[in-house]
Amino acid sequence: MTVQKSRLEAGATRATRKRHTFNGGIHPDGHKDVSNAAPIVTLPLLSRYVVPLRQHIGTATRVLVQAGDTVLRGQMIGAAEGYVSTAVHAPTSGRVVAVEPHEVPHPSGLADLCVVIESDGLDQAVEFQPLDWRNLDPSALRNRIRDLGLAGLGGAVFPSFIKLNPEGGGIDTLILNGAECEPWITCDDRLMRERAAEILQGVAVMRHMLGAREVLIGIEDDKPEAIAAMRTAAGADTGVEVVAVPTLYPSGGGKQLTYLLTGRETPTGGRSTDVGVQVFNIGTAHALYRAVALGEPMLSRVVTVTGHVATPGNYEARLGTPVADLLQAAGGALPGSTGKLVGGPMMGFELEDNAAPLTKAVNCIIVKHPDLFPARPAALPCIRCGACARACPADLQPFEMYWFARAKDFGKAQSYDLFDCIECGCCSFVCPSHIPLVDYFRFAKSEIWERERHKHDADQARTRHEFKEFRLEREKLEKAEKLAAKVAENKARDAAAAATAAANPDAAADPEAERKKAILQAALDRAKKAKEAVTPQNTESLPPAVEKQIAEIEARRAQADTAVEKEAGQ
Amino acid sequence: MLSAILVMAGIGLVLGAVLGWASIKYRVEDDPLVEKIDAVLPQTQCGQCGFPGCKPYAEAIAKGEADINKCPPGGEEGVKHLAELLGVEPKPLGEGLEPKPKAVAVIDDNNCIGCTLCIQACPVDAIVGAAKQLHVIVADQCTGCELCLPPCPVDCIHMEVVKEDVATWKWRYPIHAIRRVE
Chain A
101 MTVQKSRLEA
111 GATRATRKRH
121 TFNGGIHPDG
131 HKDVSNAAPI
141 VTLPLLSRYV
151 VPLRQHIGTA
161 TRVLVQAGDT
171 VLRGQMIGAA
181 EGYVSTAVHA
191 PTSGRVVAVE
201 PHEVPHPSGL
211 ADLCVVIESD
221 GLDQAVEFQP
231 LDWRNLDPSA
241 LRNRIRDLGL
251 AGLGGAVFPS
261 FIKLNPEGGG
271 IDTLILNGAE
281 CEPWITCDDR
291 LMRERAAEIL
301 QGVAVMRHML
311 GAREVLIGIE
321 DDKPEAIAAM
331 RTAAGADTGV
341 EVVAVPTLYP
351 SGGGKQLTYL
361 LTGRETPTGG
371 RSTDVGVQVF
381 NIGTAHALYR
391 AVALGEPMLS
401 RVVTVTGHVA
411 TPGNYEARLG
421 TPVADLLQAA
431 GGALPGSTGK
441 LVGGPMMGFE
451 LEDNAAPLTK
461 AVNCIIVKHP
471 DLFPARPAAL
481 PCIRCGACAR
491 ACPADLQPFE
501 MYWFARAKDF
511 GKAQSYDLFD
521 CIECGCCSFV
531 CPSHIPLVDY
541 FRFAKSEIWE
551 RERHKHDADQ
561 ARTRHEFKEF
571 RLEREKLEKA
581 EKLAAKVAEN
591 KARDAAAAAT
601 AAANPDAAAD
611 PEAERKKAIL
621 QAALDRAKKA
631 KEAVTPQNTE
641 SLPPAVEKQI
651 AEIEARRAQA
661 DTAVEKEAGQ
Chain B
185 MLSAILVMAG
195 IGLVLGAVLG
205 WASIKYRVED
215 DPLVEKIDAV
225 LPQTQCGQCG
235 FPGCKPYAEA
245 IAKGEADINK
255 CPPGGEEGVK
265 HLAELLGVEP
275 KPLGEGLEPK
285 PKAVAVIDDN
295 NCIGCTLCIQ
305 ACPVDAIVGA
315 AKQLHVIVAD
325 QCTGCELCLP
335 PCPVDCIHME
345 VVKEDVATWK
355 WRYPIHAIRR
365 VE
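As given, the protein sequences belong to chains A and B, one line each in that order.
Its first residue numbered 101, the first sequence is counted upward by one per residue in my numbering.
Its first residue numbered 185, the second sequence is counted upward by one per residue in my numbering.
Shown next as structure tokens:
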């Protein structure tokens, strides 16, 4: 192990840090200088924003507004639903025009539910309440952070409030990921150069919440300005160390950076928290600073717009800004461009539609040109050379996993630890047969997930069906029991009555029969009384002729009644 | 010679007794094959196989009374799994049986009269409601068996195919354009 030279040169007086290197990794062309020279430009207010309700990993938010509502900047328009979720807010004040499926930046190209807001140009905000993070109850503070919509800005967009839970105090090291190892992307670089102090204030909040003893900020050594800016901002803070890591893709992978900085290897199927480390992107720290110090929800982010555009650079844009507007801000795509990539060239995906908006996950938009991104040659058969295994930073055997994924033998692919694959693309990059290995791994993973979903559904259906059968059987049994009980009761009463009758044969009659007779008589009497009390309602104010007629009828009826009574009397 | 025969016979008796005791003590109540077949079946409980549910079909397969290609919701994939499990050749789905895309039943709010007939028909208790109250289908638990359609006296239930969305979308099998070699 050699002592890290750059750190010594920087005149650091702290204990020397051992340098660990992960296996594999590649050196793609950086293309960072295309966009990292100019300062971050803030986009002006637009007339229309499209805000997706699902901008994070997990459950989509529950929409809180409907078409026609007026909203203010920072007003929550989507509330966190379920545990793995975080809120979404209106980027400006205005009117909600629609809540409808709309194009979103997603590899599927499918539409997702979005809130379309037409700006009123006033940009009025709700009142932002800074958080008293040192004194607030940790659980309440996390809930506030969830409602402020914080999600990891490194690309995975995992809700931050979940990661800020110390889980029993097992986290001793907080790692800030400023490696930014993907080619072309420079948004973290610019953010560190320009807003190092703000980032470190966010880091202080993270450190407080996690109770971490040590903070390590890992930055690839191709960003000397960012390293210098962060070191200056960190100053004499003894718990915070800015470490330059060698430029080697994918040193910005969470597990890779953890190993680089601490030498702790994340176990298979586990997370860095299993080895006492929590990793955040520096952009997330900056957003946390704004959330806590200003009380501002996550409303904007810095995004790199680069490649074949007129003025490549970094732009601070509100979430919901259509990609078309972002490209326009960068001077527009130059002639001859052949599409766009969202994210970097290693892990990003093609974007079909310029109407798709900026989300929390989008850190870079690259306009392609055949000179910059030549078409991938047709894939040739695998020659099992093992280049992919040597390049794999997760110590996997991609050529074996490829074989089984291709044959759709997913169980076998999984037995080669498919789910430890971070989809970094090193294997596809080095493959001499140009096989798109990662595409196969993504395919296999999503097939396995779907099967697990189906299995879960089938198990649930089986349990419910079995319970229904059990319930029907139980109801049948209960009915039969009730019937049997009633029959038994009747029988017992009859037997008792018979016994009484047998005991007093001279009793005039059965008491039960007497009782029934009495009830019947009472009912008859009541009916008779009621009949007598009733007076016809239609005999008032009748013409004299009709009255006379009625009188005659009544007389006849009385006569008939007396006749009947006489007969009955005889 | 005699002692050898006696010893062998004695060992035989003792081992026989042990085996006999073990067969009673460790008797397997359920047919494990039925459980295994049932685990492969999709549990829609739709009865398209001609049996009243997945378990009875599994029992019939285990007894050799039913063919393995009678389950349309399982599709070709399901037949393949059953064939693998039973060590037989897979075959195409039975005549007149066709796999359909996954769908869930939906009740039309305006026409439901609250008769509870569909609730009684649902094999997985996925319909909520009471007499003269509007019934609602819990989409997450609906298996798409269509058993609620025929009993409805006002035909207010229809099936809706479950569409792929951002959350359930799958990466496709990589397909690469074949180009002419120049």
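Don't be surprised by glycine CBs; every beta carbon is placed ideally from N, CA and C.
None of these values were measured; they are calculated from a predicted model.
>> Going by DSSP, what residue range makes up the alpha helix (DSSP H) through Phe-543 (chain A)?
In response: Here residue 543 (chain A) refers to the residue found at position 443 when the first sequence is read from its first residue. Counting along the chain, the alpha helix (DSSP H) containing Phe-543 (chain A) begins and ends at 537-603.
> Where do the ends of the beta strand (DSSP E) carrying Cys-214 (chain A) lie?
Replying inline: Counting from 1 along the first sequence, the entry for residue 214 (chain A) is found at position 114. 211-219 is the span of the beta strand (DSSP E), which, as asked, contains Cys-214 (chain A).
> Tyr-502 (chain A) touches chain B at which residues, Cβ-Cβ below 7 Å?
Replying inline: As a first step, residue 502 (chain A) is located in the first sequence; it is residue number 402 there, counting from the start. By Cβ distance, chain B contributes nothing, its closest Cβ being about 10 Å from Tyr-502 (chain A), past 7 Å.
> What residues from chain B crowd round Val-210 (chain A), counting only those whose CB sits closer than 8 Å?
Replying inline: The sequence position of residue 210 (chain A) within the first sequence is 110, counting from 1. The sequence shown places Leu at residue 210 (chain A), not Val. Per Cβ cutoff of 8 Å: Glu-348, Asp-349, Val-350, Trp-353.
> Rounded C-beta distance between His-131 (chain A) and Pro-350 (chain A)? I'm assuming under 8 Å.
Replying inline: Numbered from its first residue, the first sequence carries residue 131 (chain A) at position 31. Numbered from its first residue, the first sequence carries residue 350 (chain A) at position 250. His-131 (chain A) to Pro-350 (chain A), Cβ: 16 Å. No contact.
> Would Asn-277 (chain A) pass as a contact of Val-379 (chain A) if the rule is Cβ separation under 7 Å?
Replying inline: Position 177 of the first sequence, counting from 1, holds the residue named residue 277 (chain A). Position 279 of the first sequence, counting from 1, holds the residue named residue 379 (chain A). For Asn-277 (chain A) and Val-379 (chain A), yes; Cβs fall inside 7 Å.
> Quick one: what's got a C-beta closer than 6 Å to Pro-397 (chain A)'s C-beta in the same chain, skipping five residues either side?
Replying inline: As a first step, residue 397 (chain A) is located in the first sequence; it is residue number 297 there, counting from the start. Same-chain partners within the cutoff: Gly-174, His-189, Leu-248, Gly-249.
> If you drop the 5 nearest sequence neighbours on each side, which residues of the same chain put their C-beta closer than 7 Å to that of Asp-517 (chain A)?
Replying inline: Here the question's residue 517 (chain A) lines up with position 417 in the first sequence. Thr-368, Leu-496.
> Of the residues A:Pro-493, A:Val-196, A:Ala-655, A:Ala-198, which one's Cα is nearest the Cα of Gly-354 (chain A)?
Replying inline: In the first sequence, counting from the first residue as 1, residue 354 (chain A) sits at position 254. Checking every option, the nearest Cα to that of Gly-354 (chain A) belongs to A:Pro-493.
>> What ranges does the alpha helix (DSSP H) occupy inside the segment 287-348 of chain B, keeping only unbroken runs of at least 4 residues that lie completely in it?
In response: 301-305
> Does the beta-carbon of Glu-109 (chain A) have 16 or more other beta-carbons within 10 angstroms, so that it is buried, or is it exposed?
Replying inline: Counting from one through the first sequence, the residue named residue 109 (chain A) turns up at place 9. Residue placement at Glu-109 (chain A) is poorly supported in this model, since its pLDDT is 42, which falls under 50; the coordinates still yield a value, given next. By the neighbour-count rule (16 or more Cβ atoms within 10 Å), Glu-109 (chain A) is not buried but exposed.
> Got a sec: which bits of the segment 535-553 of chain A sit with their beta carbon under 7 Å from any beta carbon on chain B, in order along the chain?
Replying inline: Pro-536, Asp-539, Tyr-540, Arg-542, Phe-543, Ser-546, Glu-547, Glu-550
>> So for Arg-244 (chain A), helix, strand or coil by DSSP?
In response: Numbered from its first residue, the first sequence carries residue 244 (chain A) at position 144. In the structure shown, Arg-244 (chain A) sits in a helix (DSSP, three-state: H, G or I).
>> With a threshold of 7 Å between beta carbons, is Lys-512 (chain A) in contact with chain B?
In response: Stepping through the first sequence from its first residue, residue 512 (chain A) is reached at position 412. Not one chain B Cβ lies under 7 Å of Lys-512 (chain A).
> Excluding five sequence neighbours on each side, which residues of the same chain lie with their C-beta closer than 8 Å to the C-beta of Val-345 (chain A)?
Replying inline: If you number the first sequence from 1, residue 345 (chain A) lands on position 245. Same-chain partners within the cutoff: Ala-279, Gly-318, Ile-319, Glu-320, Asp-321, Ser-351, Leu-357, Leu-360, Leu-361.
> What does Arg-418 (chain A) pair with, by DSSP beta-bridge criteria?
Replying inline: Within the first sequence, residue 418 (chain A) is the residue found at index 318, counting from 1. Answer by DSSP bridge pairing, in chain order: A:Ser-400.
>> I'd like to check one pair, Phe-261 (chain A) with Ile-245 (chain A): are the Cβ atoms closer than 7 Å?
In response: Numbered from 1 along the first sequence, position 145 holds the residue referred to as residue 245 (chain A). Numbered from 1 along the first sequence, position 161 holds the residue referred to as residue 261 (chain A). Yes, they are a contact pair.
>> Quick check on Gly-130 (chain A): does DSSP put it in helix, strand or coil?
In response: Walking along the first sequence from the start, residue 130 (chain A) turns up at place 30. Of the three classes helix, strand and coil, the one that applies to Gly-130 (chain A) here is coil, per DSSP.
> Going by the CB atoms, is the gap between Cys-296 (chain B) and His-319 (chain B) shorter than 7 Å?
Replying inline: Within the second sequence, numbered from 1, the residue matching residue 319 (chain B) stands at position 135. Within the second sequence, numbered from 1, the residue matching residue 296 (chain B) stands at position 112. Yes, the Cβ-Cβ distance between His-319 (chain B) and Cys-296 (chain B) is below 7 Å.
> Would you call Val-442 (chain A) buried or exposed, if buried means 16 or more other Cβ atoms sit within 10 Å of its Cβ?
Replying inline: Within the first sequence, residue 442 (chain A) is the residue found at index 342, counting from 1. The residue in question, Val-442 (chain A), is buried, as its Cβ has 16 or more Cβ neighbours within 10 Å.
> Which residues in the same chain have their Cβ closer than 7 Å to the Cβ of Thr-159 (chain A), if we skip the five residues on either side of it in sequence?
Replying inline: As a working mapping, residue 159 (chain A) is identified with position 59 in the first sequence. Taken in chain order, the residues that qualify are Glu-181, Gly-182, Val-184, Ser-185.
> Is the CB of Ala-558 (chain A) under 7 Å away from at least one CB in chain D?
Replying inline: The question asks about chain D, but that chain is absent: this structure's protein chains are A and B.
> Excluding five sequence neighbours on each side, which residues of the same chain lie with their C-beta closer than 7 Å to the C-beta of Cys-488 (chain A)?
Replying inline: Here the question's residue 488 (chain A) lines up with position 388 in the first sequence. For Cys-488 (chain A), where only same-chain residues beyond five positions count, the Cβ hits under 7 Å are Pro-498, Phe-499, Cys-527, Val-530, Cys-531, Leu-537.
>> Within 10 Å of its beta-carbon, does Arg-295 (chain A) have 16 or more other beta-carbons around it, so buried, or fewer, so exposed?
In response: Taking the first residue of the first sequence as 1, we reach residue 295 (chain A) at position 195. Classification for Arg-295 (chain A): buried.
> Where does Ala-110 (chain A) fall in DSSP's three states?
Replying inline: What you label residue 110 (chain A) is simply residue 10 of the first sequence in a count that begins at 1. Unreliable placement is indicated for Ala-110 (chain A), whose pLDDT of 42 sits below 50; the coordinate value is still reported in the next sentence. Coil.
> Under 7 Å, do Arg-142 (chain A) and Gly-252 (chain A) count as touching if we go by C-beta distance?
Replying inline: Translated into the one-based positions of the first sequence, residue 142 (chain A) becomes position 42. Translated into the one-based positions of the first sequence, residue 252 (chain A) becomes position 152. Looking at the sequence shown, residue 142 (chain A) is not Arg but Thr. Result no, Cβ atoms of Thr-142 (chain A) and Gly-252 (chain A) do not sit closer than 7 Å.
> Are Arg-195 (chain A) and Thr-170 (chain A) touching if we call contact CB-CB under 7 Å?
Replying inline: Taking the first residue of the first sequence as position 1, residue 195 (chain A) is located at position 95. Taking the first residue of the first sequence as position 1, residue 170 (chain A) is located at position 70. Yes, the Cβ-Cβ distance between Arg-195 (chain A) and Thr-170 (chain A) is below 7 Å.
> Using a C-beta cutoff of 7 Å, does Pro-216 (chain B) count as contacting chain A?
Replying inline: Position 32 of the second sequence holds residue 216 (chain B). Not closer than 7 Å to any Cβ of chain A, the Cβ of Pro-216 (chain B) fails to qualify, so no.
>> Against chain A, which members of the segment 289-310 of chain B pass a CB distance test of less than 9 Å?
In response: Cys-306, Pro-307, Val-308, Asp-309, Ala-310
> Which residues share a DSSP beta bridge with Pro-259 (chain A)?
Replying inline: Counting from 1 along the first sequence, the entry for residue 259 (chain A) is found at position 159. A:Ala-251.
> By DSSP, does His-202 (chain A) sit in helix, in strand, or in coil?
Replying inline: Residue numbering aside, residue 202 (chain A) sits at position 102 when the first sequence is read from its first letter. Correct three-state label for His-202 (chain A): strand.
> Using a C-beta to C-beta distance shorter than 8 Å, which residues of chain B count as neighbours of Arg-162 (chain A)?
Replying inline: Here residue 162 (chain A) corresponds to residue number 62 of the first sequence, with the count starting at 1. Result: empty, since nearest Cβ-Cβ is about 15 Å, beyond 8 Å.
> If we count the other Cβ atoms within 10 Å of its Cβ and call it buried at 16 or more, is Met-309 (chain A) buried or exposed?
Replying inline: By one-based count along the first sequence, residue 309 (chain A) stands at place 209. Its Cβ being crowded by 16 or more others within 10 Å, Met-309 (chain A) is buried.
> Tell me, which residues are paired with Arg-679 (chain A) by DSSP?
Replying inline: Since the first residue shown for chain A is 101 and the last is 670, residue 679 (chain A) is missing from the structure and cannot be characterised.
> Closer than 7 Å, CB to CB, is Pro-226 (chain B) near chain A or not?
Replying inline: The residue you call residue 226 (chain B) lines up with position 42 of the second sequence. Yes, because at least one Cβ of chain A sits closer than 7 Å to the Cβ of Pro-226 (chain B).
> Nearest CA to the CA of Arg-542 (chain A): which residue from A:Arg-553, A:Cys-521, A:Leu-300?
Replying inline: Position 442 of the first sequence, counted from the first residue, corresponds to residue 542 (chain A). Nearest option by C-alpha distance: A:Cys-521.
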